[in-house]
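Engineer: Below are the structure tokens for one structure; questions will follow.
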Amino acid sequence: MALESVIIAGGGMAGFTAARQLRDRGYTGKLTIIDPEGMPYDRPPLSKDYLLAKRDATQILLSAADWFSTHNVQVITGKVVELDVDTPTVTLLDGQQLGADKIILATGGTARRLPIPGGQLPTVLELRTMNDADHLRSVLGEGVRMAIVGAGLIGAEVASSALQLGATVTLIDPVDPPLVPAVGEVLARRLHQMHDQQGVSVVTGVPTEITVDGSGVHTISLQDGSAIEADTVLVGIGIVPDTGLAATSGLDTDNGILVDESQLTSHPNVYAIGDTARTRLADGTLLRRAEHWEHAMNTGTTVAAALLGEELPVHGASWFWSDRHGVHVEGVGSMLGEGTQVIRELEGIPVAAFRIDEQGMLAGCAAIDGGLMVRAARRIIDKQKPVNAEQLADPTFDLKKLAR
49 MALESVIIAG GGMAGFTAAR QLRDRGYTGK LTIIDPEGMP YDRPPLSKDY
99 LLAKRDATQI LLSAADWFST HNVQVITGKV VELDVDTPTV TLLDGQQLGA
149 DKIILATGGT ARRLPIPGGQ LPTVLELRTM NDADHLRSVL GEGVRMAIVG
199 AGLIGAEVAS SALQLGATVT LIDPVDPPLV PAVGEVLARR LHQMHDQQGV
249 SVVTGVPTEI TVDGSGVHTI SLQDGSAIEA DTVLVGIGIV PDTGLAATSG
299 LDTDNGILVD ESQLTSHPNV YAIGDTARTR LADGTLLRRA EHWEHAMNTG
349 TTVAAALLGE ELPVHGASWF WSDRHGVHVE GVGSMLGEGT QVIRELEGIP
399 VAAFRIDEQG MLAGCAAIDG GLMVRAARRI IDKQKPVNAE QLADPTFDLK
449 KLAR
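As numbered in my numbering, the sequence shown has no gaps in its residue numbers, which increase by one up to the final residue, 452.
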């Protein structure tokens, strides 16, 4: 049966990519994106340039409005609250019902809240949407005391931006140093020390309670008995996949909406992509759910190919990036697992880390201000080429020689 209509519930990077790829691949049927925030926009700038007011709302749109009209993609501002997988039909919060031949769930996730007394306070902020960033910018400024719980990618980026806005920043994390799984311990240590060097107060601890007094001053109590006072508190400890719609409609879920390698859920009418999707292999093995920007693009591309009956694309090793305190961080592959860790230094300062697996193949790479190096490392990982630890450690050795 011809595919005449597709509804995409969610207009983030994954949902937008699915729509763009369907049109790029020649699909001419009815195509609708439904999202509570309306026009699709890019989330990474929220903690950086958008928060700093260096880019406005129109400058972080994933595509200009005329792209949607030119490509006949309807964007509806609304929230899908019900899904009938058999029809298939979606119901919006305003009662409107829409049907399509296939439904793509790109519902993303919600910011994870601290499971402690006070963790649900409305004054304990999160950063997930443009509105969140607008509110955060409005409460930051010269001399504002800000506490950030969670020193991962988002927490670190906001700490850097808040400093530029004049705030006094305290960064709290239970792990010292954070980001070891992403960049390895040596680079993680350097990045964490960078916070301190830039004027961020770094605290290793576990929050147990958050209170706020009548004047708006928050007190974060830590497990060791110490306490931190702040005017503004932000929690950045990851997301919870938005599986509610899928679960209530009978789709299989387990820390994500379970999909096969074509992004198909447990029902033939429904696909899922992006942060909310989790791959279940044919043998039942559940892969780790990914939350990276590129993963969202990749799954959007995959679902478009699957819907059109085309060969599924092959994606390279997973890749991420982050910016903080004037440096650019990139990573590819996995720094976790057995094998050998190799550090590349420049004038005695660690600038890159590599993981060689037990078979002598490059399995992961992370670098500070080393985008070309990471790009070459990705090609080496994808080609499964053996590597030499001495060459990886040598700052004069160009990895592109191994990537050819």
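All residues carry an ideal CB built from backbone N, CA and C; glycine is no exception.
1. Compare the C-alpha of Lys96 against each of Ala204, Val231, Asp417 and name the closest.
2. Whose C-beta lies closer than 8 angstroms to the C-beta of Phe183 among residues of the same chain, with five residues either side of it excluded?
3. Can you check which of these residues, Asn436, Val128, Pro163, Val228, is closest to Ile152 by C-alpha distance?
4. Check the DSSP bridge columns for Met409 and list the partner residues they point to.
5. With 16 other CB atoms within 10 Å as the buried threshold, where does Arg452 fall?
6. According to the neighbour-count rule (16 or more other Cβ atoms, all chains shown, within 10 Å of its Cβ), is Pro443 buried or exposed?
7. Excluding sequence positions up to five away, which residues of its chain have a Cβ less than 7 angstroms from the Cβ of Asp384?
8. Inspect the beta-carbon positions of Val251 and Asp290 and report whether they are closer than 9 angstroms.
9. Since Asp308 contacts Arg326 with CB under 8 angstroms, what's their CB separation in whole angstroms?
10. Measure the C-alpha to C-alpha separation of Asp83 and Thr125 and round it to an integer number of angstroms.
11. Which whole runs of the beta strand (DSSP E) in the region 118-183 are 3 residues long or more, in chain order?
12. Can the beta-carbon of Gly157 be found less than 9 angstroms from the beta-carbon of Leu188?
13. If you drop the 5 nearest sequence neighbours on each side, which residues of the same chain put their C-beta closer than 6 angstroms to that of Val133?
14. What's the C-alpha gap between Val265 and Trp367?
15. Can you tell which of Ala295, Ile416, Glu406, Asp405 has the C-alpha that lies nearest to the C-alpha of Leu394?
16. DSSP three-state label for Phe64, please.
17. Assign Pro226 to one of three DSSP states: helix, strand, or coil.
18. Can you round the beta-carbon distance between Ser208 and His340 to whole angstroms, since I take them to be within the 8 angstroms contact cut?
19. Are the CB atoms of Pro398 and Arg185 within a distance shorter than 9 angstroms?
20. Check whether the Cβ atoms of Leu282 and Leu211 sit closer than 9 angstroms, and answer yes or no.
21. Could you work out which residue in Val231, Leu293, Gln407 is closest to Trp369 when comparing CA atoms only?
22. Who does Ile220 pair with in a DSSP beta bridge?
23. Please list, in chain order, all residues of the same chain as Gly408 whose beta carbon is under 8 angstroms from its beta carbon, the five residues on each side excluded.
24. Measuring alpha carbon to alpha carbon, tell me which of Val192, Gly58, Glu130 ends up nearest Ala344.
25. Under the three-state reduction of DSSP, which class applies to Asp371: helix, strand or coil?
26. Hey, how far is the Cα of Ala28 from the Cα of Arg160?
Structural biologist: In this structure, then:
1. Ala204
2. For clarity, residue 183 is His in the given sequence; the question names Phe instead. The residues are Leu173.
3. Val128
4. Pro434
5. exposed
6. exposed
7. Per the sequence shown, the amino acid found at residue 384 is Leu instead of Asp. Contacts found: Pro229.
8. no
9. Incorrect: roughly 11 angstroms between the Cβ atoms, too far for contact.
10. 5 angstroms
11. 121-125, 128-132, 137-140, 145-147, 150-153, 157-159
12. no
13. Ser297, His315, Asn317, Val318
14. 39 angstroms
15. Ile416
16. helix
17. coil
18. Ser208 to His340, Cβ: 19 angstroms. No contact.
19. no
20. no
21. Val231
22. Val197, Val251
23. Pro434, Val435
24. Gly58
25. strand
26. With the chain represented from 49 up to 452, any question about residue 28 goes unanswered, as that position is not in the structure.
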